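Data block below; observations after.
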Amino acid sequence: MNWAWAASLDQIWHSPNLPLYLTLATAGLVGIIVLITLLRSERSTANGVLTLITLLAIGVAGAVTLRGVGVASPVQSAEAPRPVPTATAALPQLSCIDELAGDAVLAACEKALFGSAESVAAAVTYAASQITLLTSLGDVATANKGAGSDLQALRRAVERDRYGLMAYVLTVRDRCTPAACRAFRSLTDTRQIAANMEERLYENMIMRYAASWNAPTQTAAGMMAALPPSMPTGKPTNAEFPTSASTPPVSIMNPEPPA
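So for the sequence shown, numbering that gives the first Met the number 0 puts the first residue at 0; every next one is plus one.
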């Protein structure tokens, strides 16, 4: 098989001008057929020509439709607005992965992001969706055609990989290594992700915070100490009350002494 011809056909099929080429070719062919029909006025020939023209029109329309559904223009994909993940509304700490709040805030985000198993699981899923969105736009050269600030921010967040989430997703889901990864074609700088893969940063983060996930948030002694002084603590008191022997007898039958 001639691979050069296959590559040329693939370029033509993905060309944004393909509908124009098909339309011009069809118009030229229809013009030739109509001219032949006018020169030959037989009814059977005219019916055959009309049938052929109809089939050609259906074929061109079908090809254009299939191309529009199966192949998206890289420029249109790059210019498409970036969808806002709804997960950030339920878990605001996922916004830390976007690398937009600044180093001081993002450094403090680590504890909130790894504070529970549910939060970590949501963060991994969110990171996977970011990688999928970025790689769906193609390589760097393709995605940069008509790209806006949203794409640049997305690529910067993936490349920064502050918490090792991107490296973990690429390693587990995409079977990537620091030396070979298909998703690297969509990145301009892969050094941080490769370093996080080698150092296993995500796994180290999990080991650091996993011990606190099942720990009680506050001990019983701490809760008792936090009670205000006016509330009873339930502990025995050392106050002394008078006994019955020290209290003089009182009879309701005797009159009260005069004041």
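Glycine residues also receive a C-beta, built at the ideal position from the N, C-alpha and C atoms.
Predicted model only: the values in this text are computed from it and were never measured.
Report task. Kindly indicate which three-state DSSP category K144 falls into: helix, strand or coil? Result -> Within the sequence shown, the letter at position 145 stands for residue 144. Looking at K144 - three-state DSSP - the assignment turns out to be coil, as it is neither helix nor strand.
Query raised in the report: Whose CA, out of K144, G147, D188, R199, lies closest to the CA of G163?
Result: As a first step, residue 163 must be located in the sequence shown, where it is residue number 164. Each of K144, G147, D188, R199 was checked against the Cα of G163, and the nearest Cα belongs to R199.
Requested in this report: Please look up how many angstroms separate the CB atoms of A111 and Q92, rounded, as I've assumed it's under 8 Å.
Outcome: Counting from one through the sequence shown, the residue named residue 111 turns up at place 112. Counting from one through the sequence shown, the residue named residue 92 turns up at place 93. Rounded to whole angstroms, the Cβ separation of A111 and Q92 is 4 Å, and the two are in contact under 8 Å.
**Report entry** Cβ neighbour criterion (16 or more within 10 Å) applied to D102
**Finding:** Here residue 102 refers to the residue found at position 103 of the sequence shown. By the Cβ-count criterion, D102 is exposed, with fewer than 16 other Cβ atoms from all chains shown falling within 10 Å of its own Cβ.
Query raised in the report: Hey, which unbroken runs of the beta strand (DSSP E) at 3 residues or more fall wholly within the region 106-139?
Result: Not a single unbroken stretch of the beta strand (DSSP E) spanning 3 or more residues falls wholly within the region 106-139.
**Report entry** Secondary structure of N203, DSSP reduced to three states
**Finding:** Within the sequence shown, residue 203 is the residue found at index 204, counting from 1. It is helical.
Query raised in the report: What did DSSP end up calling L99 once you bin it into helix, strand or coil?
Result: Walking along the sequence shown from the start, residue 99 turns up at place 100. Three-state result, L99: coil.
Query raised in the report: Which class does N195 belong to by DSSP, given the choice of helix, strand or coil?
Result: Along the sequence shown, read from residue 1 onward, the residue named residue 195 stands at position 196. Note: N195 maps to helix in three-state DSSP.
Query - Inter-stretch contact at 8 Å, needing at least 3 Cβ pairs: the region 139-147 / the region 166-173 - result: Verdict: no, contact absent.
Query raised in the report: Does the distance from the CB of E158 to the CB of I192 come in under 8 Å?
Result: Position 159 of the sequence shown, counted from the first residue, corresponds to residue 158. Position 193 of the sequence shown, counted from the first residue, corresponds to residue 192. The answer is yes: Cβ separation under 8 Å.
**Report entry** DSSP-derived helix/strand/coil call for A71
**Finding:** Indexing the sequence shown from 1 puts residue 71 at position 72. Because A71 carries a pLDDT of 46, less than 50, the predicted location of this residue cannot be relied on, and the following value inherits that uncertainty. Looking at A71 - three-state DSSP - the assignment turns out to be coil, as it is neither helix nor strand.
Report task. Could you tell me if L186 is buried or exposed, where buried requires 16 or more neighbouring beta carbons within 10 angstroms of its beta carbon? Result -> In the sequence shown, residue 186 corresponds to position 187, counting from 1. Classification of L186: buried, given that the 10 Å Cβ count is 16 or more.
Report task. Have a look at I205, N213, A210 and flag the residue whose alpha-carbon is nearest the alpha-carbon of A120. Result -> By 1-based counting over the sequence shown, the position of residue 120 is 121. For A120, the closest alpha carbon among the candidates I205, N213, A210 is that of I205.
Requested in this report: Return the CA-CA distance between Y125 and A179, expressed in angstroms with no decimal places.
Outcome: Residue numbering aside, residue 125 sits at position 126 when the sequence shown is read from its first letter. Residue numbering aside, residue 179 sits at position 180 when the sequence shown is read from its first letter. Y125 and A179: Cα-Cα distance of roughly 23 Å.
Requested in this report: Quick one: residues in its chain with C-beta nearer than 8 Å to the C-beta of R181, no 5 flanking neighbours on either side, listed in chain order?
Outcome: Position 182 of the sequence shown, counting from 1, holds the residue named residue 181. Closer than 8 Å at Cβ, skipping near neighbours: T134, D173, C175.
Report task. Quick one: grab the DSSP three-state call for A179. Result -> Within the sequence shown, numbered from 1, the residue matching residue 179 stands at position 180. Collapsing the DSSP output to three states places A179 in coil.
Query raised in the report: Which whole-angstrom value is the C-beta distance of A127 and V168, which I expect to be below 8 Å?
Result: Position 128 of the sequence shown, counted from the start, is the residue given in the question as residue 127. Position 169 of the sequence shown, counted from the start, is the residue given in the question as residue 168. About 5 Å separates the beta carbon of A127 from that of V168, a gap short enough to meet the 8 Å contact definition.
Query raised in the report: Is the Cβ-Cβ distance between A166 and I96 less than 8 Å?
Result: Along the sequence shown, one-based indexing puts residue 166 at 167. Along the sequence shown, one-based indexing puts residue 96 at 97. Not closer than 8 Å, so no.
**Report entry** Local Cβ density within 10 Å of A209, reported as buried at 16 or more and exposed below that
**Finding:** The count along the sequence shown starts at 1 and reaches residue 209 at position 210. With fewer than 16 other Cβ atoms within 10 Å, it is exposed.
Query raised in the report: Does DSSP put L186 in a helix, a strand or coil?
Result: Working through the sequence shown from its first residue, we reach residue 186 at position 187. Note: L186 maps to coil in three-state DSSP.
Query raised in the report: Beta-carbon of D102 versus every beta-carbon of chain B: anything under 8 Å?
Result: Protein chains in the displayed structure number just one, and chain B is not present.
Query raised in the report: Per DSSP, what kind of secondary structure is R161 in: helix, strand or coil?
Result: Along the sequence shown, read from residue 1 onward, the residue named residue 161 stands at position 162. Coil at R161, not helix or strand.
**Report entry** C-beta atoms of D160 and N195 nearer than 8 Å
**Finding:** One-based indexing of the sequence shown puts residue 160 at position 161. One-based indexing of the sequence shown puts residue 195 at position 196. Yes, these two residues count as a Cβ contact at 8 Å.
Query raised in the report: When DSSP labels each residue in this structure, what does R155 get in the three-state scheme?
Result: As a position in the sequence shown, residue 155 is number 156, starting the count at 1. In the structure shown, R155 sits in a helix (DSSP, three-state: H, G or I).
**Report entry** Neighbourhood of F183 by C-beta, 7 Å cutoff - its chain only, sequence neighbours within 5 removed
**Finding:** Locating residue 183 in the sequence shown gives position 184, counting from the first residue. Result list for F183: T189, in chain order.
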